[in-house]
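Peer 1: Residue numbers (this note's numbering), protein chains in the order written: chain L, 1 to 138; chain C, 1001 to 1138.
From the three backbone atoms N, C-alpha and C, an ideal C-beta is built for every residue, glycine too.
Take this structure first; my questions come after.
Protein chains: 2
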Amino acid sequence: MWQKNEEEVKNSVFGFGEANEAFVKFFRGISYLKPLAESKEAKTAVHNVSFEPGCRNNWHKHTVPQILIAVAGEGWYQEEGKPAQKMLLGDVVIVNPNTKHWHGATKDSWFAHIAIIVGDSENTLLEPVSDKEYDKLG
Amino acid sequence: MWQKNEEEVKNSVFGFGEANEAFVKFFRGISYLKPLAESKEAKTAVHNVSFEPGCRNNWHKHTVPQILIAVAGEGWYQEEGKPAQKMLLGDVVIVNPNTKHWHGATKDSWFAHIAIIVGDSENTLLEPVSDKEYDKLG
């Protein structure tokens, strides 16, 4: 299948980084992690996260806010009990604390978003987004 | 004088917004504010801030972390006691709480950065960046 936006994601001004092997058990497919900035004093970490087509993380929660900023390609963001929303270049999502959600690429497109966590987060990784749920999306 | 990056800033995928009249007394020159996302529950606000060439804010502090992400043009970020650092597309700065700093455009270029504040911030606006300090920068 033709994979859209591969060059846009791999050549992003925010960088592409390395395959995120530490998190592979919490993702379906391969994601890539590029650290952009970190401050222990501000308890803040900023990464660019890229997803191959079809790649998404499990449903999960953070105890602190997360901010997602779409910077290349096409992806999805979904909160439990709400429809998935498409994320395109320029879209920004604030994930409220303790909100069950997932994010990732669309089926046929690479996707990259900046992800920002502020605070000492405890993260709870939950079940995968099933193929049945995911394949229903456009 | 030729003003670089005007189209890149005014046509940013993150939007350009309106002249920021509320803050005009804390800026030298005109800045523009485009709200991108806000959550009261997460105490988080995300804006795209654009600066005309030569525009910069006063020295100031926040009591919570701020994240700046350069998205178009050329700008400056400086913390008290440190050299100013140029901000170009893709650069990310985490401003630690209670750190005296300023940011803005270069002399001859428009500049835009996303600015994120997380937490109930008290902001302390201080003295302007003098022409003497600013004009020394490249």
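Counting only beta-carbon separations shorter than 8 Å, does C:N1096 have a partner in chain D?
Peer 2: Of the chains in the structure shown, none is chain D; the protein chains are L and C.
Peer 1: Residues of chain L with CB under 8 Å from C:A1042, in chain order?
Peer 2: Within 8 Å Cβ-Cβ: P65, I94, V95, N96, P97.
Peer 1: With a threshold of 7 Å on Cβ separation, who are the neighbours of L:L89 within its own chain once the five nearest residues in sequence on each side are excluded?
Peer 2: A70, V71, A72, listed in sequence order.
Peer 1: Alpha carbon to alpha carbon, what distance is there between C:D1135 and L:S121?
Peer 2: Approximately 42 Å between the Cα atoms of the pair.
Peer 1: Report the neighbours of C:F1014 on chain L: residues whose CB is nearer than 7 Å to its CB, in chain order.
Peer 2: Per Cβ cutoff of 7 Å: G90.
Peer 1: Let me check understanding here. Comparing Cα to Cα, which of C:G1138, C:H1103, C:T1063, C:N1123 lies closest to C:R1028?
Peer 2: Nearest of C:G1138, C:H1103, C:T1063, C:N1123 to C:R1028, Cα basis: C:H1103.
Peer 1: Helix, strand or coil for C:K1082 per DSSP?
Peer 2: Looking at C:K1082 - three-state DSSP - the assignment turns out to be coil, as it is neither helix nor strand.
Peer 1: For L:W76, count the other beta carbons within 10 Å of its own beta carbon; 16 or more makes it buried, fewer makes it exposed. Which is it?
Peer 2: By the 10 Å Cβ count, L:W76 comes out buried.
Peer 1: Comparing C-alpha positions only, which one of L:K61, L:P83, L:K100, L:I114 sits nearest to L:D91?
Peer 2: Per the Cα distances, L:I114.
Peer 1: Which residue's Cα is closest to the Cα of L:S12: L:Q3, L:A105, L:K34, L:F23?
Peer 2: The candidate whose alpha carbon is nearest that of L:S12 is L:K34.
Peer 1: Note down the Cα distance separating C:K1061 from C:F1023, rounded to an integer number of angstroms.
Peer 2: About 15 Å.
Peer 1: L:N20: buried (16+ other C-beta within 10 angstroms of its C-beta) or exposed?
Peer 2: Buried, since its Cβ has 16 or more Cβ neighbours within 10 Å.
Peer 1: Look at L:V49 and L:A112 and say whether their C-beta atoms are less than 8 Å apart.
Peer 2: Closer than 8 Å, so yes.
Peer 1: Rounded to whole angstroms, what is the Cα-Cα separation between L:R56 and L:V9?
Peer 2: Using only the alpha carbons, I get a separation of about 15 Å.
Peer 1: Going by other Cβ atoms of all chains shown within 10 Å of its Cβ, with 16 needed for buried, is L:E74 buried or exposed?
Peer 2: Burial call: buried.
Peer 1: Once the 5 residues before and after L:E18 are set aside, which same chain residues still bring their CB inside 7 Å of it?
Peer 2: Closer than 7 Å at Cβ, skipping near neighbours: Y32, L33.
Peer 1: With which residues is C:W1102 paired in a DSSP beta bridge?
Peer 2: Answer by DSSP bridge pairing, in chain order: C:Q1078.
Peer 1: In the DSSP output, what is L:S50 paired with across the bridge?
Peer 2: DSSP lists L:Y32, L:A112 as partners of L:S50.
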